[in-house]
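In the numbering used here, the protein residues as written are 10 to 98. For glycine and all other residues, C-beta sits at the position ideal for the given N, C-alpha and C. Comments concern the structure below.
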(Lines of atoms letter the chains of each structure in order from A and count residues from 1; the text may use other names and numbers.)
(Lines give C-alpha, C1' and ligand atoms only; values in the text may rest on other atoms or scores of the structure.)
Protein backbone atom coordinates (compact mmCIF):
# COMPACT_ATOMS: atom_id res chain seq x y z
CA UNK A 1 0.00 0.00 0.00
CA UNK A 2 2.80 2.42 0.75
CA UNK A 3 4.07 2.04 -2.82
CA UNK A 4 0.64 2.91 -4.23
CA UNK A 5 0.46 6.06 -2.11
CA UNK A 6 4.00 7.06 -3.05
CA UNK A 7 3.20 6.50 -6.74
CA UNK A 8 0.00 8.50 -6.48
CA UNK A 9 1.83 11.35 -4.74
CA UNK A 10 4.59 11.28 -7.33
CA UNK A 11 2.12 11.28 -10.22
CA UNK A 12 0.15 14.13 -8.65
CA UNK A 13 3.35 16.18 -8.23
CA UNK A 14 4.44 15.40 -11.78
CA UNK A 15 1.06 16.38 -13.22
CA UNK A 16 1.05 19.59 -11.21
CA UNK A 17 4.54 20.49 -12.46
CA UNK A 18 3.57 19.75 -16.08
CA UNK A 19 0.42 21.87 -15.86
CA UNK A 20 2.43 24.75 -14.39
CA UNK A 21 4.94 24.46 -17.26
CA UNK A 22 2.11 24.51 -19.84
CA UNK A 23 0.55 27.59 -18.21
CA UNK A 24 3.93 29.35 -18.28
CA UNK A 25 4.37 28.46 -21.97
CA UNK A 26 0.91 29.82 -22.76
CA UNK A 27 1.66 33.04 -20.88
CA UNK A 28 4.90 33.39 -22.82
CA UNK A 29 3.10 33.00 -26.14
CA UNK A 30 0.39 35.42 -25.02
CA UNK A 31 2.94 38.02 -23.89
CA UNK A 32 4.76 37.66 -27.22
CA UNK A 33 1.51 38.27 -29.14
CA UNK A 34 0.90 41.44 -27.10
CA UNK A 35 4.44 42.67 -27.79
CA UNK A 36 3.94 42.15 -31.53
CA UNK A 37 0.55 43.92 -31.46
CA UNK A 38 1.98 46.95 -29.64
CA UNK A 39 5.09 47.04 -31.86
CA UNK A 40 2.99 46.96 -35.06
CA UNK A 41 0.66 49.65 -33.69
CA UNK A 42 3.57 51.94 -32.83
CA UNK A 43 5.31 51.29 -36.17
CA UNK A 44 2.19 52.61 -37.89
CA UNK A 45 2.03 55.53 -35.43
CA UNK A 46 -1.52 54.53 -34.53
CA UNK A 47 -3.15 55.39 -31.25
CA UNK A 48 -5.10 52.68 -29.49
CA UNK A 49 -8.28 54.32 -30.83
CA UNK A 50 -6.98 54.24 -34.41
CA UNK A 51 -6.20 50.54 -34.10
CA UNK A 52 -9.67 49.92 -32.67
CA UNK A 53 -11.19 51.80 -35.62
CA UNK A 54 -9.57 49.31 -38.03
CA UNK A 55 -11.26 46.36 -36.29
CA UNK A 56 -14.87 45.31 -35.95
CA UNK A 57 -15.25 44.15 -32.37
CA UNK A 58 -12.23 45.53 -30.52
CA UNK A 59 -12.59 48.74 -28.52
CA UNK A 60 -9.91 51.21 -27.50
CA UNK A 61 -10.44 50.35 -23.84
CA UNK A 62 -9.95 46.64 -24.58
CA UNK A 63 -6.66 47.38 -26.39
CA UNK A 64 -5.58 49.49 -23.40
CA UNK A 65 -6.37 46.60 -21.05
CA UNK A 66 -4.47 44.13 -23.23
CA UNK A 67 -1.40 46.38 -23.31
CA UNK A 68 -1.56 47.13 -19.57
CA UNK A 69 0.45 44.50 -17.63
CA UNK A 70 -1.63 45.19 -14.50
CA UNK A 71 -5.03 44.55 -16.15
CA UNK A 72 -4.20 42.13 -18.98
CA UNK A 73 -7.44 41.45 -20.80
CA UNK A 74 -7.15 38.24 -22.84
CA UNK A 75 -6.93 38.11 -26.61
CA UNK A 76 -8.76 35.26 -28.31
CA UNK A 77 -8.29 33.90 -31.83
CA UNK A 78 -10.96 36.22 -33.25
CA UNK A 79 -9.15 39.24 -31.80
CA UNK A 80 -5.83 38.04 -33.23
CA UNK A 81 -7.45 37.50 -36.64
CA UNK A 82 -8.93 41.03 -36.63
CA UNK A 83 -5.61 42.54 -35.55
CA UNK A 84 -3.76 40.65 -38.29
CA UNK A 85 -6.19 42.05 -40.86
CA UNK A 86 -5.82 45.57 -39.46
CA UNK A 87 -2.03 45.29 -39.75
CA UNK A 88 -2.23 43.76 -43.22
CA UNK A 89 -0.72 40.44 -42.18
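Taken through DSSP and simplified to helix, strand or coil, residue 84 comes out as coil. Within the model, the alpha-carbon separation for residue 70 versus residue 37 is close to 23 Å.
By the Cβ criterion, the segment 68 to 82 is in contact with the segment 45 to 60, since at least three pairs of Cβ atoms, one from each stretch, lie closer than 8 Å. A direct Cα-Cα distance of roughly 8 Å separates residue 92 from residue 46.
In the three-state reduction of the DSSP assignment, residue 66 falls in the coil class, being assigned neither a helical nor a strand state.
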